[in-house]
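Here is the structure we will look at, set down as structure tokens.
4 protein chains.
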Amino acid sequence: MNVAIIGGTGYGAVELLRFLYNHPHVTVSKIISHSNSGTPFSEVYPHLVNLIDTEMESLDISTLAEEVDLVFFATPSNVSKNYIPELIDKGIKCIDLSGDFRLKDGEQYRNYYGEKMAPEKYIEKAVYGLSEVNKKAIENALLIANPGCYPTATTLGLIPVLSHNLADYQNIVIDAKTGTTGAGRSLSQGFHFSEMQENFKAYKLGIHKHIPEIEQVLSDTANEDIQVTFTPHVVPMTRGIMSTIYVNLKERQSTKQLLDLYKEFYKDKPFVRVREEGIIPQTKEVYGSNFCDIGLYADERTGKLIIVSVIDNLVKGASGQAIQNMNIMNGWDEATGINQLPIYP
Amino acid sequence: MNVAIIGGTGYGAVELLRFLYNHPHVTVSKIISHSNSGTPFSEVYPHLVNLIDTEMESLDISTLAEEVDLVFFATPSNVSKNYIPELIDKGIKCIDLSGDFRLKDGEQYRNYYGEKMAPEKYIEKAVYGLSEVNKKAIENALLIANPGCYPTATTLGLIPVLSHNLADYQNIVIDAKTGTTGAGRSLSQGFHFSEMQENFKAYKLGIHKHIPEIEQVLSDTANEDIQVTFTPHVVPMTRGIMSTIYVNLKERQSTKQLLDLYKEFYKDKPFVRVREEGIIPQTKEVYGSNFCDIGLYADERTGKLIIVSVIDNLVKGASGQAIQNMNIMNGWDEATGINQLPIYP
Amino acid sequence: MNVAIIGGTGYGAVELLRFLYNHPHVTVSKIISHSNSGTPFSEVYPHLVNLIDTEMESLDISTLAEEVDLVFFATPSNVSKNYIPELIDKGIKCIDLSGDFRLKDGEQYRNYYGEKMAPEKYIEKAVYGLSEVNKKAIENALLIANPGCYPTATTLGLIPVLSHNLADYQNIVIDAKTGTTGAGRSLSQGFHFSEMQENFKAYKLGIHKHIPEIEQVLSDTANEDIQVTFTPHVVPMTRGIMSTIYVNLKERQSTKQLLDLYKEFYKDKPFVRVREEGIIPQTKEVYGSNFCDIGLYADERTGKLIIVSVIDNLVKGASGQAIQNMNIMNGWDEATGINQLPIYP
Amino acid sequence: MNVAIIGGTGYGAVELLRFLYNHPHVTVSKIISHSNSGTPFSEVYPHLVNLIDTEMESLDISTLAEEVDLVFFATPSNVSKNYIPELIDKGIKCIDLSGDFRLKDGEQYRNYYGEKMAPEKYIEKAVYGLSEVNKKAIENALLIANPGCYPTATTLGLIPVLSHNLADYQNIVIDAKTGTTGAGRSLSQGFHFSEMQENFKAYKLGIHKHIPEIEQVLSDTANEDIQVTFTPHVVPMTRGIMSTIYVNLKERQSTKQLLDLYKEFYKDKPFVRVREEGIIPQTKEVYGSNFCDIGLYADERTGKLIIVSVIDNLVKGASGQAIQNMNIMNGWDEATGINQLPIYP
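Residue numbers (the numbering used here), protein chains in the order written: chain A, 196 to 540; chain B, 196 to 540; chain C, 196 to 540; chain D, 196 to 540.
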């Protein structure tokens, strides 16, 4: 099967290529980059010299539709919505790693993304690609809105307890931390090595665009409007997200009881590992892999459940989950091409 | 004035020496280390060769009491309580960087420190050395229980809003992050460079010994029993603490109003910098210095106030504040010897 | 094919497992660890929970010989020499990642390894597993002495120019730098995160045990005794080696001429990438992969050739090359199971 | 004494301010920045909020000359040469942290700096500010060409052995490594945190502009033309330089003999610390301080002397040495304001 990657020179694209290089059913036949058309990919990413020397091309939707069966969009916000409608009208499968098709509410989209949302008709076709939760819908989808990195870690951590109706919907606090690749490849003073090294910082308090995405997923789960307090931070490391999540339990539950419930919830899901009592997963334990590891601690003193959920933001939080969704859409084993072990240390 | 440092080879001691080296009123005449008696200090810490070659000594309380006027204890838990009573009985001022004299409740002490607390009589003499809050008491103290690193960042962040009775005492969540020096100099697999680099982790959920210390300070402030949810994490960097604190506001307040209140509260406190609206302090902005920087964000959607408080854990969180307290005890300007700028980048 | 790994809990073993997990022809049926017999592997390395939960065993050579076809030794120095003779006598293939069978000279071995070398008879059987250079001998070997990390980067960088007799054998300077995993998993103050972070250091000047190994390979290449000046350093990062090598050219050569010669030398070697003129490879460009990337600069002012050679010390410098050798020994494509792209960023 | 800093927003300036803040004889009355005129300094560097809120100004040489006694230029190449002549003609002392007045040879300047050198007459007035070596000349200077970071570490390491005529002038190899602040504050892909973290790289082989500077100092010392091979590298850390230097000894010398000679050479120099036999200094041991630490190893096998010299590139390699020179020019103790201990860990 031939696939194309659009948005070729971001970290999302390079991570797609890392996994697709050895994928048995897929060939990346086109890498599209507006700004680097004509340049060999390995000139931008020299670690791929001799391996991926493909010349990047500029985007031409009609020839694209003839030559490939599936397109990954690894583009910034407000790009894919201009191209995806035409592609899916032509029957080309699309997996969108950006946020353009994630939100269902046009006003929310405008507030957080600053532009008009894609037409309702296409939004309705988009399936939110949280693989473990929406597998059935993904199987039949033509368009996947691949989840954001923070929403993946956070909602996989919260859905089991919410879906069992064990948690109060008020006072959900999500204290999230990401490695620097979450900010992408564009240069900025705050990510200059000399100023990011030995630094830890919070950012975009109350205004991060993953807030409405998280709330939409949780509200759908709970059948009730849920609002969360969400604070993202940056850690001086390249990869990894940890969401530390605080919810009030409606009734006392032991850590053990809750872990059993989580294990049951994720029992046939190869990429979610619910850890044992007393063990809290660390970001390095999923480095470079598609795993989401979850640890729990029920604090009897305060009645709160603390959920710790970790992923590699570029893999389960972006490109790995995109490939997992591609596998599901095509009826392949969902782990095909992404069943690699975490790299450690 | 002659001072001694006990617990010579930990990071607390080496940081005391860094500031005291240029302190105009003080000479460090003795460095006590049980395990390194007879060894020049610079043999353990070669960065001080030619500068601090003092031979370390073993502890002899009676000669100590004759030769120095003030003793810093930079010892592990459950050490200083064995020596401080005798010293203060002899009129020697003591500043204890460990937790032995911080808690007032013997049962709490036993639960979190695993041993019997020091005798009530000495506990009563101990003044909790949160310099900005307890200055009056510190001026007349003979014994200072120097605050823990997390409690310093956290209580300086919370006291203004609590003392104005603007916050709900339920649902206080403290999500704290520290650099690795917080774990000290002792070796462990989790702090081996290869395994800590590119890693972010939570630890001691619900059982960290700074929990009762924070609750004691907050309860004293509010005149009511307060319980908090506190989760410490480790960041792959050496220095810095950030406490991200979530409290429910009783009534809607704007970020601006709250910042004004904080600025008023800390107006004559040179080491607390309340930052402007829209600015959240980063740990690197206080690196190597005695500052505590505080930023606020009142989240109108959820009614929560988010407080971000940062310190250098070894300075304001330990040795810097200890010297600040020594200055106050002796009637010197509180910034003497510690008015250095943060080192950046 | 069933294989065993001895020395189960070092970084060498965990990296072997990462690649062998998806190797199509091999099953790791035994993981041997003296100190952790009876413990599931994932208890020591939690990133492998649910993936490699195999219980480690203690070593029993005779049952081992019955159950597996090939054994990897990822043991410290002076261990494998006690077991390998018996195994190869029984026809079991052995790949030794330690240094026990690398040197041919017993006196050198004693000087640098502190013990008596393995019996001559077995030393003679050992093939030095520098895959690109000794492929023919490796194909027929029963015992592979897998090269050290520094020697791999260094000799792959030097052999082309030496074998063409273009360099002076005097004044070869090798200034080498490694990430911290080169020092292994054992704890020491110098690799404590707080003291290794923001630090760069040289160590073991003139006495590193890779010196005789490098000299042996170079002398064999040149048919003349070669002595080198070798200085290893540690970089505050986990993975990667760079050897910066200085040799005097006998006659003036342009960078371009030399690069052509290197490209010719390595033309059918998939894991050596000779870079273009003006490009010097960086360690991150081979991170997690089996590549050795080489850049050259002929300094016309001083007549020196500067060779920069980079590898991932745990992959091409250890486990990756070991698997490459296993593939060659068994007649499989040498890239089987290790043709993964570097992970970036 | 009033001083001005020109080039206000680079790392050189901010480090000057860190030390001058507590300097007893100096007030920084002007901070000049072309691009940030009108902006408070602490807006660009928030770690200095409440501490250095001075508004930056644009440059006006004539008012400057009236209001200050000494000017620090912390500007990029080819800037200070346009302003310094006028200032020193007016008797204003100048300390130039850039390279504009370091080289004596106009052709070399053009080759490496790409422009015409300052007029001969002013070049002749410039004293090369290697404080330990040129103290006498510095005392009477009006204009200091403050040494580059690599040249400081390198020449302090080489001068003793060269001045005693113990080394061969051929085959001097300098393998140098710097932290990222050496590349300054300007953004570039290579210093983006995500791509610099876990990376080690060489750069500018054979063409770095510190080459002629090093050769000029060494040739002056030896009274003979010396050419060196110099390779700079970048380490994933913010601060620190190590120069690992290889020279052929004319006759066999023991490490001990050479160390004695170095100690004698630097005996009254408070900022050079010659380390004991068997000890090689590490960059972290001088972090944040003005020290240059030197270790030696005479390799008997190859007849080479290996010199390891470390500094903090922003302190002894730039701003610290600039202040040391200011102190010497003004007859103050050379350690005034810069006698701070290294910060560790």
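We treat Cβ as the ideally placed atom computed from N, Cα and C, and that holds for glycine.
Rounded C-alpha distance that separates residue i from residue j
i	j	result
Ile402 (chain B)	Tyr307 (chain B)	8 Å
Val209 (chain D)	Tyr461 (chain B)	27 Å
Asp363 (chain B)	Asn443 (chain A)	15 Å
Gly473 (chain C)	His229 (chain A)	27 Å
Val505 (chain B)	Val356 (chain B)	17 Å
Leu239 (chain D)	Glu459 (chain A)	Contrary to the premise, residue 239 (chain D) reads as Val rather than Leu in this sequence. Looking at the two C-alpha atoms, the distance is approximately 52 Å.
Leu351 (chain C)	Asn360 (chain C)	15 Å
Gly526 (chain C)	Val481 (chain A)	34 Å
Gln477 (chain D)	Asn245 (chain D)	35 Å
Val198 (chain D)	Tyr206 (chain D)	18 Å
Glu262 (chain C)	Val430 (chain C)	41 Å
Gln516 (chain D)	Leu325 (chain D)	8 Å
Val469 (chain A)	Thr416 (chain A)	20 Å
Ala313 (chain C)	Lys320 (chain C)	11 Å
Lys331 (chain D)	Gly286 (chain D)	20 Å
Gln452 (chain B)	Asn329 (chain A)	44 Å
Residue i and residue j closer than 8 Å at C-beta
i	j	result
Ser275 (chain B)	Asp291 (chain B)	yes
Ile502 (chain B)	Asp494 (chain B)	no
Asn485 (chain C)	Thr373 (chain C)	no
Gln519 (chain A)	Phe388 (chain D)	no
Lys288 (chain D)	Asp255 (chain D)	no
Thr376 (chain D)	Thr426 (chain D)	no
Phe466 (chain B)	His428 (chain B)	no
Ile538 (chain A)	Gly483 (chain C)	yes
Any chain C beta carbon closer than 8 Å to residue i
i	result
Arg434 (chain D)	yes
Ile501 (chain D)	yes
Asn245 (chain A)	yes
Gln448 (chain D)	no
Gln422 (chain D)	yes
Phe466 (chain B)	no
Ile475 (chain A)	no
Within-8 Å CB hit, residue i to chain D
i	result
Glu393 (chain A)	yes
Ala329 (chain B)	First, the residue type needs correcting, since residue 329 (chain B) is Asn and not Ala in the sequence shown. No - not a single Cβ of chain D is within 8 Å of the one on Asn329 (chain B).
Leu211 (chain A)	no
Glu400 (chain A)	Here the sequence assigns Leu to residue 400 (chain A), which means Glu is not the residue at that position. No, no contact with chain D.
Gln535 (chain B)	yes
is_contact[residue i, chain B] using C-beta, thresh 8 Å
i	result
Thr376 (chain D)	yes
Ser389 (chain C)	yes
Tyr441 (chain D)	no
Cutoff 8 Å: residue i Cβ touching any chain A Cβ
i	result
Ala348 (chain B)	no
Gly540 (chain C)	Reading off the sequence shown, one finds Pro at residue 540 (chain C), where the question assumed Gly. With 8 Å as the cut-off, Pro540 (chain C) counts as an interface residue toward chain A.
Leu351 (chain C)	no
Leu382 (chain D)	yes
Whole runs of the alpha helix (DSSP H) within the region 434–500 of chain B, excluding any shorter than 4 residues: 450–460
Start-end ranges of the beta strand (DSSP E) lying completely within the region 230–286 of chain D, minimum 3 residues: 265–268
Members of the region 477–497 of chain C that neighbour chain B once the beta carbon cut-off is set at 9 Å: none
In chain order, each beta strand (DSSP E) run of at least 3 residues that lies wholly inside the region 309–395 of chain D: 321–323, 338–340 and 367–373
Interfacial residues, the region 291–303 of chain B to chain C, with Cβ spacing under 8 Å: none
Proximal residues, the region 228–241 of chain D versus chain A, C-beta separation under 9 Å: none
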